[in-house]
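The next block holds one structure in the form of structure tokens; read it before the comments.
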Amino acid sequence: VELAPKYYAGYLGLGYLNLLVLNDTKTAMVYFDNALKLRPLYPVINGALGKYYFFTQEYNKSIEFFDKAIELDTQAHQAIYSDFMISKGFALIQIGSYPEAVELFNKALGVDSVRNVNNYEMLSLVGLVTAHIEIGQKVPAEILPRIMKLQKEAKNKQFPFLAKKFNSCMQN
10 VELAPKYYAG YLGLGYLNLL VLNDTKTAMV YFDNALKLRP LYPVINGALG KYYFFTQEYN
70 KSIEFFDKAI ELDTQAHQAI YSDFMISKGF ALIQIGSYPE AVELFNKALG VDSVRNVNNY
130 EMLSLVGLVT AHIEIGQKVP AEILPRIMKL QKEAKNKQFP FLAKKFNSCM QN
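Note that the numbering used here numbers the sequence shown so that position 36 is 45, with each residue one more than the last.
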């Protein structure tokens, strides 16, 4: 960043490094803020701020930045757009807006990139299950088979705990 002070991606990367690896939220915000000053209308930076505020448990601010990122992206980069929708869904769960979260996760599942990227599809399904449980509704029957199929297809078997966890939810 010192060699290229107008390089927003450097600030963005350093923001994530400080937030997620070093757990230094104060420094992370300085870097994210610098990136935002350089590219205020860039959806990735607004989405990064949404993640920052989610991480710091400021969920309403998180939702504001995810909304802006979604508005600015307009599905130009479907994977990024999907990431913001899914992240916003989890922020909505944190503030108790479960029906809105269900709607958003269902919308995310309708985006091609979500269906084609196992992590996004799995996160959307996990969000749906969580929201349904919090509302006190029965989890739709088609969700568990999709989770199990994704778990089976996952090359690195990153979702082995989910089938057991959600199997009991299906019976409530």
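Heads up, the beta-carbon is just placed ideally off N, CA and C, and yes, glycines get one too.
Measuring alpha carbon to alpha carbon, tell me which of Ser-71, Glu-130, Ile-79 ends up nearest Ile-102.
-> Ser-71
Between Leu-58 and Phe-74, is the Cβ-Cβ spacing less than 7 Å?
-> yes
Count the other CB atoms, across all protein chains shown, that sit within 10 Å of the CB of Asp-33; report buried if there are 16 or more and exposed otherwise.
-> exposed
Asn-115 by DSSP, collapsed to three states: which one?
-> helix
Own chain, CB closer than 7 Å to Leu-134, minus 5 neighbours either side, in chain order = Residues of the same chain with a CB within less than 7 Å of the CB of Leu-134, apart from the 5 flanking positions on each side, are Ile-152, Arg-155, Ile-156 in chain order.
What does a CB cutoff of less than 8 Å around Leu-92 pick up in its chain, not counting 5 residues either side in sequence?
-> In the sequence under discussion, the amino acid at residue 92 is Asp, which differs from the Leu named in the question. Excluding positions up to five away in sequence, the list reads Gly-56, Tyr-129.
With distances taken from CA atoms, which of Tyr-16, Leu-31, Val-30 is nearest Asp-42?
-> Tyr-16
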